[in-house]
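First comes the structure, then the notes that go with it.
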Amino acid sequence: MAGIVVVFDFDKTIIDVDSDNWVVDQLGFTDLFNQLLPTMPWNSLMDRMMKEIHAQGKTVEDITEVLQRTPIHPGIIAAIKSAHASGCDMRIVSDANVLFIETILKHVGLRECFSEINTNPGYVDEQGRLRIFPYHDFTITPHGCTICPPNMCKGMIIKRIQASISAEPKKKIIYVGDGSNDYCPSLKLAEGDYVMPRKNFPCWSLICENPTLIKAEIHGWSDGDEFEHILVRIINTNLMEGNSNSATALLFSPDYKLPTISIAAHEAFPRPLPVLQ
Ligand SMILES: [Mg+2]
Ligand SMILES: [Zn+2]
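Residue 41 is where the sequence shown starts when you use the numbering used here, and the numbers rise one by one after that.
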């Protein structure tokens with residue numbers, strides 16, 4: 041193992057758009073979405089939109105077809121495959137939902153790169169309607185973080201990941217994200233960790249307001265090519281410093297052609313959920 045945990049946001053980080061907006065817009069429900077947005081939390085609105093989309097005769101297959109057309113930069117796919125091949129533990133922390141994320145990752149052949157997907161749960165009900173629920177059930181107990189949306193505090197998830205790897209020697213976290221909800225986990229990172237905010241997106245702007253609040257090293261990126269370059273450099277640097285796995289480091293460069301790797305789904309993934317085919 042590389043001794044590195046790479047934690048990715050999903051929307052506008054791994055994929056180039058917001059998956060919720062992408063599905064709503066592509067199916068022609070933008071106006072209704074904008075009309076309802078001021079009346080309820082985003083996560084509840086997505087469940088409501090799935091109800092409306094189903095009522096208008098759109099099927100799970102229609103949604104799957106839209107998800108499979110989601111734009112992803114080839115540099116992002118290459119970077120994720122490289123990081124996985126070099127032994128990094130890869131995880132997702134996202135305010136999208138498990139159905140959208142799994143459908144997209146499977147379609148582009150990246151699902152097996154990730155050991156854990158922390159996101160809002162969902163399933164397809166008997167009528168064929170998608171249901172989407174909050175990761176954190178705020179109707180029972182609020183999570184108490186004032187800078188995160190009520191259904192998910194990504195900082196709490198990072199703290200859980202930190203606690204779970206604390207027994208292992210010298211593991212570093214690389215956190216990648218774009219949104220304002222990626223700022224809270226960025227604040228939780230320790231010295232020696234890295235944060236990769238997408239340049240000129242909300243997380244980047246919040247970090248720039250007072251960079252001294254961030255203990256991790258800050259590496260901004262603009263597009264998939266720059267992202268791939270920076271991630272590979274950080275991982276290579278750590279592999280060579282670690283020295284325990286220099287053979288891997290020597291093999292591993294941006295130009296290195298990766299073998300096709302197939303592993304069984306990791307047991308750390310919370311629980312099997314019905315997934316769009
Ligand atoms: Mg995002
Ligand atoms: Zn938070």
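Cβ atoms here follow ideal geometry from the backbone N, Cα and C, with glycine treated the same way.
Remember, predicted model here, so these are calculated numbers, not experimental data.
With contact defined as three or more Cβ pairs closer than 8 Å, the segment 251-260 and the segment 74-93 are not in contact. The criterion of a C-beta distance shorter than 8 Å is satisfied by F69 and E92. Shown here, R88 sits in a helix according to DSSP, grouped into three states. With respect to the 8 Å criterion, W244 and G260 are classified as neighbours on the basis of their beta carbons. One thing to note: T53 has its Cβ within 8 Å of the Cβ of R238.
Your pair V133 and V47 checks out as a contact, with CB atoms roughly 6 Å apart and the cut at 8 Å. Nearest to T181 by alpha-carbon distance, out of E231, S220, M192, is M192. Beyond the five residues adjoining it in sequence on each side, I120 comes within less than 6 Å, by CB distance, of L150, C153 in the same chain, given in chain order. Looking at the backbone, the Cα of V216 and that of G97 are separated by about 37 Å. Straight-line spacing of the CA atoms in N74 and C188 works out to 21 Å. Judged by DSSP secondary structure, Y215 falls within the beta strand (DSSP E) whose first and last residues are 212-217. For V164, the pairing in a beta bridge is given by DSSP as L170. For P190, the three-state secondary structure derived from DSSP is coil. Shortest Cα-Cα distance from A136 to any of E281, C224, W62 involves W62. Looking at the DSSP output, P237 sits in a beta bridge with G217. For ligand 2, residues qualifying as neighbours are C185, I187, C188, C193, G195, C224, where qualification means a beta carbon closer than 6 Å to at least one of its heavy atoms (chain order). G282 and L229 have their C-alpha atoms roughly 20 Å apart. For R273, the enclosing alpha helix (DSSP H) covers residues 264-282. Here the distance from the Cβ of D65 to the nearest heavy atom of ligand 1 is not below 7 Å. One thing to note: G43 has its Cβ within 8 Å of the Cβ of N278.
For P174, the closest alpha carbon among the candidates T143, E166, G195, V138 is that of V138.
Annotation for V148: no beta strand (DSSP E) segment contains it, and DSSP assigns it neither H nor E. Judged by beta-carbon spacing, F50 lies within the 8 Å limit of I141, meaning their Cβ atoms are closer than that value.
For ligand 1, no non-hydrogen atom lies closer than 7 Å to the CB of K239.
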